[in-house]
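Trainee:
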Amino acid sequence: MTDSRPPLVEFLSVSKSYGPKPAVVDLTLSLYPGEVFAFLGPNGAGKTTTIKILTGLLRPSAGTVRIEGKESAFASAAARQVLSYVPDQPHVYEKLTGREFLDFIRELYGLSGPEVAADVDRLVRVFEMEGFLDDLAETYSHGMRQRLAFAGALLHRPKILVLDEPMVGLDPKSMRIVKDLLRHEASAGMTVFMSTHTLGIAEELADRVGIIQRGRLIRCGTLAEIRAEFAAGHTLEDFFLEITREGTP
Numbered sequence: 682m683t684d685s686r687p688p689l690v691e692f693l694s695v696s697k698s699y700g701p702k703p704a705v706v707d708l709t710l711s712l713y714p715g716e717v718f719a720f721l722g723p724n725g726a727g728k729t730t731t732i733k734i735l736t737g738l739l740r741p742s743a744g745t746v747r748i749e750g751k752e753s754a755f756a757s758a759a760a761r762q763v764l765s766y767v768p769d770q771p772h773v774y775e776k777l778t779g780r781e782f783l784d785f786i787r788e789l790y791g792l793s794g795p796e797v798a799a800d801v802d803r804l805v806r807v808f809e810m811e812g813f814l815d816d817l818a819e820t821y822s823h824g825m826r827q828r829l830a831f832a833g834a835l836l837h838r839p840k841i842l843v844l845d846e847p848m849v850g851l852d853p854k855s856m857r858i859v860k861d862l863l864r865h866e867a868s869a870g871m872t873v874f875m876s877t878h879t880l881g882i883a884e885e886l887a888d889r890v891g892i893i894q895r896g897r898l899i900r901c902g903t904l905a906e907i908r909a910e911f912a913a914g915h916t917l918e919d920f921f922l923e924i925t926r927e928g929t930p
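FYI, the numbering for the sequence shown is 682 to 930, going by this note's numbering.
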């Protein structure tokens with residue numbers, strides 16, 4: 682598939698090695714406004730390394746990342762203004778309440794005024810946090826922490842939301858809230874870049890899918906394009922397991 686819009690994110694021949702071991706190899710990939718992109722691969726394939734490069738937590742060994750057409754200055758204030766990252770194990774400060782945590786995030790970004798207060802109220806409603814917002818985070822379940830982390834990540838209205846295994850450990854209600862949110866935010870123009878092992882989630886949510894194997898992007902396209910490679914009656918899971926077998930090109 683080709684897209685006539687300018688990409689919001691570009692990986693240009695990005696590689697990363699840890700000593701002699703390559704983790705990401707010559708990755709070239711564009712992400713566009715308003716899409717959910719599911720990044721799939723077995724453990725150790727390079728998904729988390731790619732995410733850390735995009736979010737500025739790692740510098741690539743070679744290549745360039747561009748955001749909005751400009752070379753990304755890793756961990757720069759400009760990059761943080763347009764990007765948010767929710768890891769698979771979200772960190773929240775346990776001695777803060779949920780409300781205090783959101784206030785802390787708001788102050789980090791220098792946000793104030795009635796519009797920001799309205800955003801906080803909206804996110805609290807979206808993530809159904811009214812019942813625990815004033816409790817200490819140390820009492821939260823994983824799902825409650827994940828909802829709070831999502832609310833904090835969206836508070837400054839980022840253009841790019843980066844997620845590492847966002848559904849891990851979520852109960853069905855929290856999972857439904859997150860899925861509805863991702864589709865809503867993408868429809869409003871946000872780019873969602875999501876690493877996941879849950880192939881059913883990728884099939885349900887993603888506009889495009891990329892599959893990485895041993896650090897190399899081996900498939901990338903819309904779900905329709907990926908499905909065109911399936912054998913009759915097969916699922917994305919069947920296809921994924923087939924092409925990521927050891928020795929499969």
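For every residue, glycine included, the Cβ atom is placed at its ideal position computed from N, Cα and C.
It should be emphasised that the depicted structure is a prediction, and the values quoted were computed from it without experimental measurement.
Could you work out which residue in P714, V706 and P703 is closest to L689 when comparing CA atoms only?
Mentor: Selected option, being the one with the closest Cα: P714.
Trainee: Would you list, in sequence order, the uninterrupted alpha helix (DSSP H) runs of no fewer than 4 residues that lie entirely inside the segment 767-805?
Mentor: Listed in chain order, the complete alpha helix (DSSP H) runs (minimum 4 residues) inside the segment 767-805 are 779-789.
Trainee: Compute the distance between the beta-carbons of F720 and V873, then report whether it is under 8 angstroms.
Mentor: No, Cβ-Cβ distance for F720 and V873 is not below 8 angstroms.
Trainee: Using DSSP's beta-bridge definition, name the partner residues of F920.
Mentor: F920 is not bridged to any residue.
Trainee: Could you name the residues that DSSP lists as bridge partners for A869?
Mentor: According to DSSP, A869 bridges with nothing at all.
Trainee: Just reading off the alpha helix (DSSP H) that K733 is part of, what are its end residues?
Mentor: Element bounds for K733: K728 to L735.
Trainee: In the DSSP assignment, the alpha helix (DSSP H) including F831 goes from what residue to what residue?
Mentor: From DSSP, the alpha helix (DSSP H) with F831 extends over H823 to L835.
Trainee: Starting from the Cα of R747, find the closest Cα among G896, I841, G881 and Q827 and give me that residue.
Mentor: The shortest C-alpha separation from R747 is found at I841.
Trainee: In the DSSP assignment, find the beta strand (DSSP E) that holds G902 and state where it starts and stops.
Mentor: Residues R897 to T903.
Trainee: Our contact map puts V805 next to A832 with C-beta atoms below 8 angstroms; I'd like the distance itself, whole angstroms only.
Mentor: Confirmed, Cβ separation roughly 7 angstroms.
Trainee: Between the alpha carbons of L836 and M810, how many angstroms are there, rounded?
Mentor: Spanning the two alpha carbons is a distance of roughly 15 angstroms.
Trainee: Who does I752 pair with in a DSSP beta bridge?
Mentor: In the sequence on display, residue 752 carries Glu and not Ile. Answer is R747, bridged to E752.
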